[in-house]
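Chain order of the listed sequences is A and B. The first sequence maps to residues 26 to 509 in our numbering. The second sequence maps to residues 20 to 84 in our numbering. Idealized CB from N, CA, C, for every residue including glycine. Computed from a predicted structure; not experimentally measured.
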Amino acid sequence: MRDLFLIGFLVGIMLLGFRRPFLFLCTYIYVDIVSPQRLSYYLLSSVPISLMVFVASFAGWAMNDDKSLSKPTPRQILLIILLLLCAYTTATADYPDAAAEKWDWVWKAMVFAIFMPVTLYTRVRIEGILLFMLLSISSIAIVGGMKTLAGGGGYGTLNLMVANNSGMYESSTISAFAISSIPLILYMAKYSTIVVPTIFSRLYWYAFAFACLLIPIGTQTRTGLLCIVLMAVLELRAARRRMTYLAIMAAIVIGGIPFLPKSYTQRMDTIQGYHADASASTRLAVWKWTIEYAKDHPFGGGFNSYIGNKLEIDMSYKTADGTVVKMIGYDAGRAFHNAYFEMLGEQGYPGLAIFLMVHLIGIVRMEVIRRTYRKHQGENAWVSPLAAALQNGHLIYMLGCSFVGIAFQPFIYFMIAVEIGFDRYVQTHIKKRAWNPFRKRRREIETEAQIAQEEEPHPEAPTPQPTMAERRRTQPRWGTMSGK
Amino acid sequence: MIDTLSLLLAHFLLGFVALKMLVHPHLNEEPNETGRHFKTVLPKKQTPRRAGVETGEIRPGSNRA
Numbered sequence: 026m027r028d029l030f031l032i033g034f035l036v037g038i039m040l041l042g043f044r045r046p047f048l049f050l051c052t053y054i055y056v057d058i059v060s061p062q063r064l065s066y067y068l069l070s071s072v073p074i075s076l077m078v079f080v081a082s083f084a085g086w087a088m089n090d091d092k093s094l095s096k097p098t099p100r101q102i103l104l105i106i107l108l109l110l111c112a113y114t115t116a117t118a119d120y121p122d123a124a125a126e127k128w129d130w131v132w133k134a135m136v137f138a139i140f141m142p143v144t145l146y147t148r149v150r151i152e153g154i155l156l157f158m159l160l161s162i163s164s165i166a167i168v169g170g171m172k173t174l175a176g177g178g179g180y181g182t183l184n185l186m187v188a189n190n191s192g193m194y195e196s197s198t199i200s201a202f203a204i205s206s207i208p209l210i211l212y213m214a215k216y217s218t219i220v221v222p223t224i225f226s227r228l229y230w231y232a233f234a235f236a237c238l239l240i241p242i243g244t245q246t247r248t249g250l251l252c253i254v255l256m257a258v259l260e261l262r263a264a265r266r267r268m269t270y271l272a273i274m275a276a277i278v279i280g281g282i283p284f285l286p287k288s289y290t291q292r293m294d295t296i297q298g299y300h301a302d303a304s305a306s307t308r309l310a311v312w313k314w315t316i317e318y319a320k321d322h323p324f325g326g327g328f329n330s331y332i333g334n335k336l337e338i339d340m341s342y343k344t345a346d347g348t349v350v351k352m353i354g355y356d357a358g359r360a361f362h363n364a365y366f367e368m369l370g371e372q373g374y375p376g377l378a379i380f381l382m383v384h385l386i387g388i389v390r391m392e393v394i395r396r397t398y399r400k401h402q403g404e405n406a407w408v409s410p411l412a413a414a415l416q417n418g419h420l421i422y423m424l425g426c427s428f429v430g431i432a433f434q435p436f437i438y439f440m441i442a443v444e445i446g447f448d449r450y451v452q453t454h455i456k457k458r459a460w461n462p463f464r465k466r467r468r469e470i471e472t473e474a475q476i477a478q479e480e481e482p483h484p485e486a487p488t489p490q491p492t493m494a495e496r497r498r499t500q501p502r503w504g505t506m507s508g509k
Numbered sequence: 020m021i022d023t024l025s026l027l028l029a030h031f032l033l034g035f036v037a038l039k040m041l042v043h044p045h046l047n048e049e050p051n052e053t054g055r056h057f058k059t060v061l062p063k064k065q066t067p068r069r070a071g072v073e074t075g076e077i078r079p080g081s082n083r084a
């Protein structure tokens, strides 16, 4: 039954895509985040839906859309370079089979991130993509939130509709992305033009944000807790009544802690004493190994190069009476658990540099837009809040990815693509409309150029020097000595 | 039960957004929201030139004594 429903939905939305090809793009986002092929049992799992929708969205753009804004931006060029670097490291990988397996989905995510900004040239399109991203993630987050409320949580045990704990359905990954979606959800509750803010829509958006907050509790991930703290700090920047906001946050924390499951509070306590915790000590050992590995492989070892690590983990701890208990553990083939080290180990120093540049440029550009249009009212009032929401979501991801290897997760590439598209939209549409006393209008520029052209002497035809006789004839004479 | 209900809700909302985008007039082009409407300016109609100063002709009656 679920198979039929998912197939029906996909076929329906694809049919709408033939009328408006931009919907193919939205379908790709849905397929990538929700992965209906993983939710279904028979039919969809045997068809390469992702590739089909990918081709359809590209063909739709090629046939229908305006291509006047398809000039690549610096970040798109950086992404192209990163894609080429990934292709090179895959070809020269230490573990070719494992690298090829990851390359299979990474190239699609990156090509799509390079392509998507070209299609986002109206406000409705930007908003539509964001809505599809949020509603797709809601199909996972709401399940998780409801199950957490019903008491079915636990690290690696919260059932998010699929049995395997991988991709977007992995505990720490969904925690980080659910929290990084909250600023965008709050933006939609207030400024959406497609889902117009009404009492019901707002109720839904706030319930969805609450479900996202419950995900880190349900999955019992420490990453999620840190992301929540960062989100609370970032939202403080946008709050009008900051003291009221702080008071509400304090009340939620004080009132909420007694209701948290004991297993959750116990797990969160391990954030402080990382030495005694096997997971944290292993991560530190992997990161140390990666730095050493990058010295030998400055251009990276290809995807999944962590397979080759052999770790000696220091798990020494101090007892209550001050005795230090020495403990050494051994492990091998442990994942990076950090996107920055993932980039360093897999793509080397150039890959890490490009990764940081792509993300930092995005954050800085959103800050510039946020500040420039902060005081705008009326039709441009949505610009600054959207820039702030995208920036906050991005910053939360940057923190979350310090504990999970999500450098190539498609969701963040969608967010980067929206940032690029939104940035260009602001430069082409909003900047033109905004009042600027020093702005030169096009006709003024054209007139100035015309005047300059007229004034400058013609270089090919130099003025001929008059002969003496001609000069005598043409120059004014002031009289002669004879008085004639 | 929870799985099915939340899946249904998410898909219903996705379908709703897809339909809204399908009929949205500004999906493919940005609207001109300035609210200013300009009167179309046609080329100026040529007024018939009067005899006399403009044409250099002698106006009737101008040569009377």
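Contact between A/Val-451 and A/Leu-104 is ruled out by a C-beta separation of about 20 Å, above the 8 Å threshold. DSSP places A/Ile-219 in the coil class of the three-state scheme, outside both helix and strand.
Counting only the Cα atoms, A/Val-168 lies some 10 Å from B/Ala-29. With fewer than 16 neighbouring CB atoms inside 10 Å of its own CB, A/Phe-43 falls in the exposed class.
Judged by their CB atoms, A/Asn-363 and A/Ala-123 are not nearer to each other than the 8 Å cut-off.
Closest by C-alpha distance to A/Ala-432, out of A/Leu-155, A/Thr-453, A/Ala-412, A/Ile-379, is A/Ile-379. Shown in chain order are the members of the stretch 145-166 of chain A whose Cβ falls below 8 Å from a Cβ of chain B: Tyr-146, Thr-147, Arg-148, Val-149, Arg-150, Gly-153, Leu-156, Phe-157, Leu-160, Ser-161, Ser-163, Ser-164.
Measuring C-alpha to C-alpha distances from B/Ala-37 to each of A/Cys-111, A/Val-220, A/Ala-345 identifies A/Val-220 as the nearest. Taking C-beta atoms as the reference points, A/Gly-430 and A/Phe-361 count as a pair closer than 8 Å. Taking one beta carbon from each stretch, the stretch 232-245 of chain A and the stretch 43-50 of chain B have fewer than 3 pairs nearer than 8 Å; the two do not touch.
Taking the Cβ atoms as the reference, A/Met-193 lies roughly 25 Å from A/Ile-386, outside the contact range of under 8 Å. Residue range 121-144 is occupied by the alpha helix (DSSP H) that includes A/Asp-129.
With distances taken between CA atoms, A/Arg-63 lies nearest to A/Leu-31 out of A/Leu-76, A/Met-77, A/Leu-31, A/Phe-79. A/Ile-445 sits away from A/Arg-148, with the two beta carbons spaced by 8 Å or more.
Across the structure, A/Val-80 and A/Ala-442 are spaced so that their CA atoms are roughly 18 Å apart. For B/Ile-21, the nearest CB of chain A lies under 8 Å from its own CB, placing it at the interface with that chain.
Around the C-beta of A/Glu-371, 16 or more other C-beta atoms lie within 10 Å, and the residue is accordingly described as buried. Just so you know, the alpha carbons of A/Leu-110 and A/Ser-217 end up roughly 38 Å apart. For A/Phe-447, the closest Cβ of chain B is not nearer than 8 Å. Exclusion of the five residues before and after A/Pro-208 leaves Ala-414, Asn-417, Gly-418 as the residues of its chain whose Cβ lies within less than 6 Å of its Cβ. Between the stretch 321-341 of chain A and the stretch 120-137 of chain A, the count of Cβ pairs shorter than 8 Å is three or higher; the stretches touch. When C-beta atoms of the stretch 396-403 of chain A are compared with those of the stretch 222-236 of chain A, fewer than three pairs fall below 8 Å, so the two segments do not count as touching. With a beta-carbon spacing of about 5 Å, A/Met-340 and A/Ser-306 fall inside the 8 Å limit used to define contacts.
Residue pairing by DSSP places A/Asp-356 opposite A/Leu-336 in a beta bridge. Cβ atoms of B/Gly-34 and A/Phe-34 come within 8 Å of each other, at about 7 Å.
Ranked by Cα distance from A/Arg-227, the options A/Ile-210, A/Gly-281, A/Pro-241, A/Lys-92 are led by A/Ile-210. By the criterion of a C-beta distance shorter than 7 Å, A/Trp-230 is surrounded in its chain by Ile-210, Met-213, Ala-214, once the five residues flanking it on both sides are discounted. Of all residues in the stretch 77-105 of chain A, none comes within less than 7 Å of chain B when Cβ atoms are compared.
B/Asn-82 has its alpha-carbon roughly 23 Å from the corresponding atom of B/Pro-67. Judged by their CB atoms, A/Ile-165 and A/Ile-54 are not nearer to each other than the 8 Å cut-off. Contact check for A/Ile-204 against A/Met-256 passes: the beta carbons are separated by less than 8 Å. The C-alpha of A/Arg-27 lies about 12 Å from the C-alpha of B/Met-20. In this structure, DSSP gives A/Val-429 a state outside helix and strand, which the three-state scheme calls coil. Its chain contains Ala-124, Ala-125, Trp-128, Gly-327, Phe-328 as the residues whose beta carbon lies nearer than 7 Å to that of A/Thr-115, once the 5 sequence neighbours on both sides are disregarded; these appear in chain order. Annotation: A/Ile-338 to A/Gly-354 spans about 5 Å, alpha carbon to alpha carbon.
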